[in-house]
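Going by our numbering, the sequence shown runs without a break in its numbering and finishes at 386. Backbone N, C-alpha and C fix where the C-beta goes; we use that ideal spot for every residue, glycine too.
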Amino acid sequence: MLLPAAARALPCAPPHKPTLLQAARTLLAALQSRPFAASTAAARAAAPGLPAAAAAAASTSPGAPATLSSVPIKSLQQAITPQVCQHLQERGFAVVDNVLGGSVAAALREEVSALRRHMHKNCTHLVQGGATGLLEKEHVFEAELIQQQTQALAPLAAQLQHDSTLRVMLSVLMPELRLHSQAIKLQYNAGRGGCFPMHFDTDASLDTRKVTTIWYLNPGWKPGDGGELRLYPFPEAPVDIEPVNDRMVLFSSQHMLHRVLPSAAERYCFTIWLSEGGGLHRPGGAAVERDRAELRRALSSAEPLGTGEAWRLALHPELRKHAAKWAYRQEWERSIRESHPTGPALDQALQTFHQEIAIIGRALAPLLPAMAAGPPPGGLQRPAWF
Ligand SMILES: O=C(O)CCC(=O)C(=O)O
Ligand SMILES: [Fe+2]
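Laid out in structure tokens, this is it:
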């Protein structure tokens, strides 16, 4: 059922945007020389050629520095290229190496290490009938940087939490993201098999996170250590990404299914989530209702569906994550077992998982034969990621 590389429909390459990138760099330089709160208007005045979305991405809350002087922002600016954004847009993810430089990566690793005794166990969030249950993971610990005490122990990460360089650079090339704010989380995996089950970071109905960026800080990583990030860009084949030092991975927070494979070695990283401005956008209205009614009709029709039509429905934005969950149900169950200690909480989580799979199986029954048989001969249209 996975999409063969040769059959992918390739959209046209976006136009080069060197002048826009230059305008973004001018703005970031201006922000660096004037360290406090930048408004959208100030940002546009500093770099007149800049699109509104990029200027808005540069604005910060009062008192927060807009960009850093203590990390090599130049390398971060250069990390976000048109090629990176094209990959992110078309495939749902991108990988950037040597993003901060070895010495900054080493300092950040020290900071994560210094915070270890302030960390709490990472939990899997189980959404069930409107309520959220928490299932602790073994060996994976995390800290947000909200309290002054933790910020003092991790000053570089605390500055990175506010730095707008990444947001501005992404917004120049992908203004449709409307990025406006960000949050950081530091993570320490003690090894001993610590891992994450398959999940999506969020959903449009939960919060406004759009882009997940994970930054790896593991200079000693070697094959066999495990802890790879596995992405499932459904319906394409999974991709494993090694958590090597100074690597940043970007992906769609809402649509990229992913997990962390069991890690045999200590593993350090941090995540910055980039969010859309303008509050939670709950899709609704007549058009959405019509769309849903059409989906219900297609799924309940007595007529058998052709392969192309079945796949079109499986990749519909409302159904795609359920289709992926069904397609990977065995691997998904294994990942839940691997990530949590045995006991009643795990048993409950597995029971809920099986109930969900049964519901999905019933709802998507007309699509399952086509999904099991693989994509149609002409290939599939790539789904939208953002
Ligand atoms: O540690 C990683 O590579 C990914 C972590 C993750 O998926 C998460 O925090 O949601
Ligand atoms: Fe995640």
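- Taking the alpha-carbon positions, what's the S301 to T307 distance? 15 angstroms
- Message: Quick check: T165 and L28, are their CB atoms within less than 8 angstroms of each other?
- Response: yes
- Query: Using a threshold of 7 angstroms, is the CB atom of H322 nearer than that to any non-hydrogen atom of ligand 2?
  - Reply: Incorrect: H322 has no Cβ contact closer than 7 angstroms to ligand 2.
- Cβ neighbours of P376 in the same chain (closer than 7 angstroms, five flanking residues each side left out): T307, G308, W311
- Query: When you compare only the Cα positions, how much space is there between G279 and I146?
  - Reply: 21 angstroms
- Item | Where A131 sits in the DSSP three-state scheme | strand
- Thinking L160 and V211 are a contact (beta carbons under 8 angstroms), I'd like their distance in whole angstroms, please. 15 angstroms between Cβ atoms; not a contact.
- Message: Can you determine whether any heavy atom of ligand 1 sits closer than 7 angstroms to the C-beta of T202, and answer yes or no?
- Response: It does not: the Cβ of T202 is nowhere closer than 7 angstroms to a heavy atom of ligand 1.
- Item | Proximal residues to E356 (C-beta, below 6 angstroms), its chain only, five neighbours per side dropped | none
- Message: Between H162, R230, P383, L100, which has its C-alpha nearest E318's C-alpha?
- Response: P383
- Item | Where the alpha helix (DSSP H) through P82 begins and ends | 82 to 91
- Task: Quickly, what does DSSP pair G226 with across the bridge? List them, please.
- Result: S263
- Throw me the rounded Cβ distance for the E138 and P341 pair, which I believe falls under 8 angstroms. 5 angstroms
- E144: which of I272, V168, A55 sits nearest, CA to CA? I272
- Item | Every unbroken beta strand (DSSP E) inside the region 187 to 218 [3 residues or more] | 194 to 199, 209 to 216
- Item | As assigned by DSSP and simplified to three states, the class of S253 | It is coil, neither helix nor strand.
- Where P369 sits in the DSSP three-state scheme: helix
- Query: What did DSSP end up calling R25 once you bin it into helix, strand or coil?
  - Reply: helix
- Query: Over what stretch of residues does the beta strand (DSSP E) that includes D240 continue unbroken?
  - Reply: 239 to 241
- Task: Enumerate, from N- to C-terminal direction, the unbroken alpha helix (DSSP H) stretches of 4 or more residues contained entirely within the region 94 to 158.
- Result: With a minimum length of 4 residues, the continuous alpha helix (DSSP H) runs that stay inside the region 94 to 158 are 102 to 114, 148 to 153.
- Task: Please report the Cβ distance between L231 and M256, rounded to the nearest whole angstrom; I am assuming they are in contact, meaning their Cβ atoms lie under 8 angstroms.
- Result: 6 angstroms
- Message: Quick test of the definition: if touching needs 3 or more C-beta pairs under 8 angstroms, does the region 257 to 267 touch the region 177 to 196?
- Response: yes
- Nearest-angstrom Cα separation, counted from L217 out to N245: Distance between the alpha carbons of N245 and L217 is about 5 angstroms.
- Item | Alpha-carbon to alpha-carbon, N122 and Q187 | CA-CA distance, Q187 to N122, rounds to 9 angstroms.
- Query: For H199, is the beta carbon positioned less than 7 angstroms from some heavy atom of ligand 2?
  - Reply: True, at least one ligand heavy atom lies under 7 angstroms from that Cβ.
- Query: What residues in its chain sit with their C-beta under 6 angstroms from that of L88, if we drop five residues either side in the sequence?
  - Reply: Here the set comprises A94, L250.
- Task: Please find out if some non-hydrogen atom of ligand 2 comes closer than 7 angstroms to the beta-carbon of H340.
- Result: no
- E111, buried or exposed, once every other Cβ within 10 Å from all chains shown has been counted against 16: buried
- For E228, is the classification buried or exposed, using 16 other Cβ atoms within 10 angstroms of its Cβ as the cut-off for buried? buried
- Kindly list the residues whose CB is nearer than 6 angstroms to the CB of H118, restricted to its own chain and excluding five residues on each side of it in sequence; keep chain order. A143, T150
- Item | Integer Cβ distance of A30 from A46, believed to fall under 8 angstroms | 4 angstroms
- Item | Bounding residues of the alpha helix (DSSP H) (the contiguous stretch that carries S294) | At residue 294 the sequence reads Glu, which differs from the Ser that was named. Here the alpha helix (DSSP H) through E294 covers 286 to 300.
- Message: In whole angstroms, give me the CA-to-CA distance for T26 and D163.
- Response: 15 angstroms
- Message: Taking the alpha helix (DSSP H) that P383 belongs to, which residues open and close that run?
- Response: From DSSP, P383 is part of no alpha helix (DSSP H); its letter is neither H nor E.
- Item | Contact set for A157: own chain, Cβ-Cβ below 7 angstroms, skip 5 residues either direction | L108, E111, L145, I184, L186, F270
- Task: Go ahead and label G378 buried or exposed: buried means 16 or more other beta carbons lie within 10 angstroms of its beta carbon, across all protein chains shown.
- Result: exposed
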